[in-house]
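Undergrad:
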Amino acid sequence: WLNDGSGNFTDSQQALGRSRSYGMSLADVDGDGDIDAFVANNSQPNKVWLNNLDRYINYPPTNLALSNITINENIPDNSVVGTFSTTDTDDNTFTYQLVRGNEDTDNSAFTIDGDQLKITDSPDYETQSTYSIRVQTTDSAGGIFQKVFTLNINDINEPLTNLTLSNNTIDESEPANSVVGTFSTTDTDDDTFTYQLVRGNGDTDNSAFTIDGDQLKITDSPDYETQSTYSIRVQTTDSAGGTFQKVFTLNINETLTNLTLSNNTIDENIPDNSVVGKFSTTDTDDDTFTYQLVRGNEDTDNSAFIIDGEQLKITDSPDYQTQSTYSIRVQTNDSAGGIFQNVFTININEPPTNLTLSNNTIDENIPDNSVVGEFSTTDTDDNTFTYQLVMGNGDTDNSAFTIDGDQLKITDSPDYQTQSTYSIRVQTNDSAGGIFQKVFTININDIVEKQTCENTAQNNLVVNGSFETPV
Numbered sequence: 081w082l083n084d085g086s087g088n089f090t091d092s093q094q095a096l097g098r099s100r101s102y103g104m105s106l107a108d109v110d111g112d113g114d115i116d117a118f119v120a121n122n123s124q125p126n127k128v129w130l131n132n133l134d135r136y137i138n139y140p141p142t143n144l145a146l147s148n149i150t151i152n153e154n155i156p157d158n159s160v161v162g163t164f165s166t167t168d169t170d171d172n173t174f175t176y177q178l179v180r181g182n183e184d185t186d187n188s189a190f191t192i193d194g195d196q197l198k199i200t201d202s203p204d205y206e207t208q209s210t211y212s213i214r215v216q217t218t219d220s221a222g223g224i225f226q227k228v229f230t231l232n233i234n235d236i237n238e239p240l241t242n243l244t245l246s247n248n249t250i251d252e253s254e255p256a257n258s259v260v261g262t263f264s265t266t267d268t269d270d271d272t273f274t275y276q277l278v279r280g281n282g283d284t285d286n287s288a289f290t291i292d293g294d295q296l297k298i299t300d301s302p303d304y305e306t307q308s309t310y311s312i313r314v315q316t317t318d319s320a321g322g323t324f325q326k327v328f329t330l331n332i333n334e335t336l337t338n339l340t341l342s343n344n345t346i347d348e349n350i351p352d353n354s355v356v357g358k359f360s361t362t363d364t365d366d367d368t369f370t371y372q373l374v375r376g377n378e379d380t381d382n383s384a385f386i387i388d389g390e391q392l393k394i395t396d397s398p399d400y401q402t403q404s405t406y407s408i409r410v411q412t413n414d415s416a417g418g419i420f421q422n423v424f425t426i427n428i429n430e431p432p433t434n435l436t437l438s439n440n441t442i443d444e445n446i447p448d449n450s451v452v453g454e455f456s457t458t459d460t461d462d463n464t465f466t467y468q469l470v471m472g473n474g475d476t477d478n479s480a481f482t483i484d485g486d487q488l489k490i491t492d493s494p495d496y497q498t499q500s501t502y503s504i505r506v507q508t509n510d511s512a513g514g515i516f517q518k519v520f521t522i523n524i525n526d527i528v529e530k531q532t533c534e535n536t537a538q539n540n541l542v543v544n545g546s547f548e549t550p551v
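For reference, each letter of the sequence shown is one residue, going 81 to 551 in our numbering.
Structure below.
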């Protein structure tokens, strides 16, 4: 460029010559806003000027932008979040990369493809609502600029996935407007829910129920014989308007009518944890039952017992003199939630302490099935007793006798010469199950037998006579 001496410059279209170096000054000589380089001042004509030096010097990027910083939750893996753009005074091309530095916390959750930012895995608002990344833009001349971006996840209302009712079985005869159960909704969002009976398949018995908040109530007291099942259709609605519907079948449970215990009397001194008896429940339904000791009237001695399955057991060995009766309160529960309670009195029995026989000696030759004697029992309780021949030591001749009530009878007429003593083992049972066993020796009397002589020639002085003295 040539200076005409007045501050005007024209392109000389001439080479600078052979000089390899020039001393230059920098200034906006011509006032066009661009930096100029010159080797002389404008008062010296015919010197070289280099105008618009910006075209020869690289300026680094001054800003980095992302077209979008908000992402909807649940978008697919590797979805594009947005596009990067760079502010740079030069006419450059740019590359982008995730770099280490302050606030690079979530760099690993993203990738950059060209100028596009992509999220690796589908985001979930409830798991993480914001991400922080650090990105660098590099121009084609090596200039760089870094910036931190905060990416926000939109909480999209996710669809409801299920509706449940805490209980679907009702005892018959429950009062009108009784609560059947409580509704709950499965939803990944932190929403509130409303519930309503709606029309549709399975809404047959909607009119028999109301919903109060999240509680289902039956309008009238149910009767199993009139209707044993009900069908309703219910809708749950979340605070964002999402809905889910479901049909429920409600079963009416025919209530339990009785609870019994197979035995309520136990002997004193039985071992710890002995079985007292077995519970059974009267119920017209085909249910299974569980049993438990419960609080209430007459539960005084619950702590002295345990229930194992259907068996009632006494914890410690009972002593009649310490406590002769116990009171417990028990509940039976059927598989449909029905319950029934009953109070039981457990009696402690003091077992018999002795057994006697009124006679233990019989004459030989008495008739078959003759009574030998009568049994009696010593017992402090006011009981009745039964008697039986039992196996054990001393039972050698049990088979030769029978017991009828409290009477001992000999089956066949005894003969002293054949067997002079018998040994039997007998058990007395009181009405509460107490027992006592004893061995008895039965003695046979040797009776003098009468002799009869026939009318013969050798003995013709005596005719059909008899001798009263032994022969």
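Note that CB positions come from ideal geometry on N, CA and C, so glycine has one too.
Remember, predicted model here, so these are calculated numbers, not experimental data.
Taking only the alpha-carbon atoms, compute the straight-line gap between THR345 and TYR406 and give it to the nearest angstrom.
TA: Sequence index remark: in the sequence shown, residue 345 carries index 265 (1-based). Sequence index remark: in the sequence shown, residue 406 carries index 326 (1-based). Distance between the alpha carbons of THR345 and TYR406 is about 10 Å.
Undergrad: Where does ALA256 fall in DSSP's three states?
TA: As a first step, residue 256 must be located in the sequence shown, where it is residue number 176. Here ALA256 sits in coil by DSSP.
Undergrad: Sorted by chain position, which residues of the same chain lie with C-beta nearer than 7 Å to PRO351's C-beta, five sequence neighbours on each side aside?
TA: The count along the sequence shown starts at 1 and reaches residue 351 at position 271. Here the set comprises SER397.
Undergrad: In the DSSP output, which residue or residues are listed as bridge partners for GLY261?
TA: Sequence index remark: in the sequence shown, residue 261 carries index 181 (1-based). Note: GLY261 sits in a beta bridge opposite LEU296.
Undergrad: Under a Cβ-count criterion, where at least 16 other Cβ atoms within 10 Å of its own Cβ denotes burial, should ALA320 be classed as buried or exposed?
TA: Along the sequence shown, read from residue 1 onward, the residue named residue 320 stands at position 240. By the neighbour-count rule (16 or more Cβ atoms within 10 Å), ALA320 is not buried but exposed.
Undergrad: Determine whether the beta carbon atoms of PHE465 and ASP414 lie at a separation below 8 Å.
TA: Translated into positions along the sequence shown, residue 465 becomes position 385. Translated into positions along the sequence shown, residue 414 becomes position 334. Not in contact: PHE465 and ASP414 (Cβ atoms no closer than 8 Å).
Undergrad: Could you tell me which of LEU243, PHE481, GLN499 and ASN434 sits nearest to ASP35, measuring between CA atoms?
TA: Missing from the structure shown is residue 35; the chain here goes from 81 to 551 and no further.
Undergrad: Using the Cβ count rule (16 or more neighbours within 10 Å means buried), how would you classify PHE221?
TA: Locating residue 221 in the sequence shown gives position 141, where the first residue counts as 1. The amino acid occupying residue 221 in the given sequence is Ala; Phe does not appear at that position. By the neighbour-count rule (16 or more Cβ atoms within 10 Å), ALA221 is not buried but exposed.
Undergrad: Output the boundary residues of the beta strand (DSSP E) element that contains SER407.
TA: Here residue 407 corresponds to residue number 327 of the sequence shown, with the count starting at 1. It spans 405-414 - the beta strand (DSSP E) in which SER407 sits, taken as one unbroken run.
Undergrad: Who does ASP388 pair with in a DSSP beta bridge?
TA: Numbered from its first residue, the sequence shown carries residue 388 at position 308. Its beta-bridge partners are GLN391.
Undergrad: May I have the straight-line CA-CA distance separating ILE515 from ASP477, to the nearest angstrom?
TA: Indexing the sequence shown from 1 puts residue 515 at position 435. Indexing the sequence shown from 1 puts residue 477 at position 397. ILE515 and ASP477: Cα-Cα distance of roughly 21 Å.
Undergrad: Grab me the residues of ASP526's own chain with a C-beta within less than 6 Å of its C-beta, minus the 5 sequence neighbours each way, in chain order.
TA: What you label residue 526 is simply residue 446 of the sequence shown in a count that begins at 1. Closer than 6 Å at Cβ, skipping near neighbours: TYR496.
Undergrad: Per DSSP, ALA145 is paired with what?
TA: The residue you call residue 145 lines up with position 65 of the sequence shown. DSSP output for ALA145 lists SER165 as bridge partner(s).
Undergrad: Pick out whichever of ASN509, ALA416 and ASP318 has its Cα sitting closest to the Cα of THR433.
TA: Numbered from 1 along the sequence shown, position 353 holds the residue referred to as residue 433. Considering only alpha carbons, the answer is ASN509.
Undergrad: Kindly list the residues whose CB is nearer than 7 Å to the CB of GLY513, restricted to its own chain and excluding five residues on each side of it in sequence; keep chain order.
TA: As a first step, residue 513 must be located in the sequence shown, where it is residue number 433. Excluding positions up to five away in sequence, the list reads THR345, ASP347 and ASN429.
Undergrad: Measure the CB-CB distance between THR395 and ASN353 and report whether it falls below 8 Å.
TA: Sequence index remark: in the sequence shown, residue 395 carries index 315 (1-based). Sequence index remark: in the sequence shown, residue 353 carries index 273 (1-based). Closer than 8 Å, so yes.
Undergrad: What separation, rounded to the nearest whole angstrom, lies between the Cα atoms of GLU206 and ILE233?
TA: Translated into positions along the sequence shown, residue 206 becomes position 126. Translated into positions along the sequence shown, residue 233 becomes position 153. Computed Cα separation, rounded: 9 Å.
Undergrad: Where do the ends of the beta strand (DSSP E) carrying TYR502 lie?
TA: Locating residue 502 in the sequence shown gives position 422, where the first residue counts as 1. Its beta strand (DSSP E) spans residues 501-510.
Undergrad: Rounding to the nearest angstrom, what Cα-Cα distance links GLN208 and THR323 in this structure?
TA: Counting from one through the sequence shown, the residue named residue 208 turns up at place 128. Counting from one through the sequence shown, the residue named residue 323 turns up at place 243. GLN208 and THR323: Cα-Cα distance of roughly 25 Å.
Undergrad: Using the three-state DSSP reduction, which class does ASN122 fall into: helix, strand or coil?
TA: As a first step, residue 122 must be located in the sequence shown, where it is residue number 42. Per-residue confidence for ASN122 stands at a pLDDT of 49, beneath the threshold of 50, marking its modelled position as unreliable; no derived number is given.
Undergrad: Please state whether the Cβ-Cβ distance between VAL327 and ASN281 is less than 8 Å.
TA: Residue 327 sits at position 247 when you count from the first residue of the sequence shown. Residue 281 sits at position 201 when you count from the first residue of the sequence shown. Yes, the pair counts as a contact, with Cβ atoms nearer than the cut-off.
Undergrad: Whole angstroms is fine: what's the gap from SER101's alpha carbon to THR142's?
TA: Within the sequence shown, numbered from 1, the residue matching residue 101 stands at position 21. Within the sequence shown, numbered from 1, the residue matching residue 142 stands at position 62. Annotation note: pLDDT 48 at SER101 (below 50); position unreliable, coordinate value reported separately. Taking the straight line from one Cα to the other gives about 32 Å.
Undergrad: Would you mind listing the beta strand (DSSP E) stretches within the stretch 196-236 that are 3+ residues and don't spill past its ends, in chain order?
TA: Counting only runs of 3 or more, we get 196-199, 210-219 and 224-234.
Undergrad: Which of helix, strand or coil does DSSP assign to ASN377?
TA: Locating residue 377 in the sequence shown gives position 297, counting from the first residue. Looking at ASN377 - three-state DSSP - the assignment turns out to be coil, as it is neither helix nor strand.
Undergrad: On the CB-based measure, 16 or more other CB atoms within 10 Å of its CB, does ALA256 come out buried or exposed?
TA: Taking the first residue of the sequence shown as 1, we reach residue 256 at position 176. When all chains shown are included, ALA256 counts as exposed.
Undergrad: Which residue from LEU330, ASP388, THR458 and VAL374 puts its Cα closest to that of ALA416?
TA: Within the sequence shown, the letter at position 336 stands for residue 416. Selected option, being the one with the closest Cα: LEU330.
Undergrad: On the DSSP letters alone, give me the boundaries of the beta strand (DSSP E) that LEU32 sits inside.
TA: The structure shown does not extend to residue 32, since the chain is modelled only from 81 to 551, so the question has no answer here.
Undergrad: Among residues of its own chain, excluding the 5 on either side of SER500, which ones have a beta-carbon nearer than 8 Å to its beta-carbon?
TA: For the purposes of this step, residue 500 is taken as the residue at position 420 of the sequence shown. The answer, listed in chain order, is ASN523, ILE524 and ASP526.
Undergrad: Roughly how many angstroms separate the alpha carbons of VAL506 and THR309, rounded to a whole number?
TA: Numbered from its first residue, the sequence shown carries residue 506 at position 426. Numbered from its first residue, the sequence shown carries residue 309 at position 229. Whole-angstrom Cα-Cα distance: 59 Å.
Undergrad: Apart from the five residues on each side of it in sequence, which residues of its chain come closer than 7 Å, Cβ to Cβ, to PHE190?
TA: Within the sequence shown, the letter at position 110 stands for residue 190. LEU178, LEU197, LYS198, ILE199, THR200 and ILE213, listed in sequence order.
Undergrad: On the DSSP letters alone, give me the boundaries of the beta strand (DSSP E) that ASP495 sits inside.
TA: For the purposes of this step, residue 495 is taken as the residue at position 415 of the sequence shown. Per DSSP, ASP495 belongs to no beta strand (DSSP E) and is neither H nor E.
Undergrad: Do you know whose CA, among VAL228, THR274 and PHE481, lies nearest GLU183's CA?
TA: Walking along the sequence shown from the start, residue 183 turns up at place 103. Closest option to GLU183, Cα to Cα, is VAL228.
Undergrad: Which residue comes first and which comes last in the beta strand (DSSP E) that contains ARG313?
TA: Along the sequence shown, one-based indexing puts residue 313 at 233. Note, ARG313: beta strand (DSSP E), 309-318.
Undergrad: Please report the Cβ distance between PRO302 and GLU252, rounded to the nearest whole angstrom; I am assuming they are in contact, meaning their Cβ atoms lie under 8 Å.
TA: Along the sequence shown, one-based indexing puts residue 302 at 222. Along the sequence shown, one-based indexing puts residue 252 at 172. With a Cβ gap of about 5 Å, PRO302 and GLU252 count as contacting.
Undergrad: Output the distance between the C-alpha atoms of THR150 and THR262, rounded to the nearest integer angstrom.
TA: On the sequence shown, residue 150 is found 70 positions in, with the first residue counted as 1. On the sequence shown, residue 262 is found 182 positions in, with the first residue counted as 1. For THR150 and THR262, the distance between alpha carbons rounds to 39 Å.
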